[in-house]
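In the numbering used here, the protein residues as written are 30 to 315. Here the structure is laid out as structure tokens; the discussion comes afterwards.
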Amino acid sequence: MRIKNRLSPYPILDNFGDDYVDSSFNVEYEVNSQFTEIYGKLIFEINNDEIKQLIAEHKAVYTVHIESPVTCFRRVLSSDDTEIEFRVNTASVKKVIEIRTFIVLTQEVKGFYSKKFHPDYQGQTFDLEAHQIIAIGTAKDYEIKKDDRDFESLPSILRIVKSEDRRKGALSVNTDNDEYVIIGLSEETFKLYANLGKSSFKATAFSLVLLPALIVIIQRMCDSKDDTAVNSMHWFKVIENLLNNNGIHLNDISIDNDSLLSTCQKIFADPIDRSFKELEGWSERV
């Protein structure tokens, strides 16, 4: 949502007009990407007593519009708190996301007046409707530097095969190969994975197999990070590079504080949540 110079029948506080004096609405941005998600935190600072009072009385809220023009992705978030956080899956956006901020009325306001109106408005009051914009804040365009839906080269170093060894149970992980990790499924499980993974339960099958396998893989990496026989393997370097590129290092990962579980979920963009949503969608159709 791109903001252009405009004429308005009532004063709007912004950084490119003069409807107000000695007033401002600024936004501090913290936006970064990690694996398959973009994280954002916006901190609002409003310098105008009358607008600030409207927010305190729950008559107005801070509002954030997040859009990706290329994919038509759009999300609107609102709060009367001075901070708003968001997460966006990179599969939903491309090239750039445009972030625009506003203060929007939640209800009708009669006789609005500010001591900081421009002198041209002095002595005037305004009857405003719910959903009208009364302030426009600092904007930001966030460039998505990578458009990689494939988790770097991760799929290239994972092989899911049918296991003939019943003693290993339904799922096993073999990290002895230099090029790739072998994820073994029992014959019965492999058939179910192959059938369900191609139908309506793709996310669920993915989560049930790859999330626990990745937990095992990264735990072994942590245990063997100083072993040159292991850390020189191709699959080890691919996963370590993926972690490092996203600001995570093996020394920071531990099973004791849930950082191992958290890291694996981030790599696969919260697969548990996606699985339950998939199952919920299926249950609503039957």
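A virtual CB, placed ideally from N, CA and C, is assigned to each residue, including glycine.
Close CB contacts of Arg249 within its chain, under the 6 Å cut and outside five residues either way in sequence, are with Thr204 (chain order).
From the listed residues Leu42, Val90, Val267, the smallest Cα separation to Gln136 is found for Val90. Leaving aside the five residues that flank Arg188 on each side, the residues in its chain whose CB is nearer than 6 Å to its CB run, in chain order, Tyr209, Ile211. For Trp311, the closest C-alpha among the options Gln153, Lys254, Glu172, Phe230 is that of Phe230. Contact annotation: Tyr171 and Thr154 have beta-carbon atoms that are not nearer than 8 Å. The beta carbons of Glu66 and Asn118 sit closer together than 8 Å.
Residue burial is scored here from C-beta neighbours: Phe73 has at least 16 other C-beta atoms within 10 angstroms and is therefore classed as buried.
The DSSP-derived three-state label of Ile80 is helix. Here Arg129 is buried. Its C-beta has 16 or more other C-beta atoms within 10 Å. In this structure, Gly69 keeps its C-beta atom at 8 Å or more from the C-beta atom of Glu57.
Looking from the CA of Ile247, the closest CA among Asn273, Ile165, Asn76, Ile282 belongs to Ile282.
Where Phe45 is concerned, there is no enclosing alpha helix (DSSP H), because DSSP gives it neither an H nor an E. As summarised for the segment 132-188, the continuous beta strand (DSSP E) elements at least 3 residues long and confined to that stretch are 138-141, 155-157, 162-165, 169-172, given in chain order.
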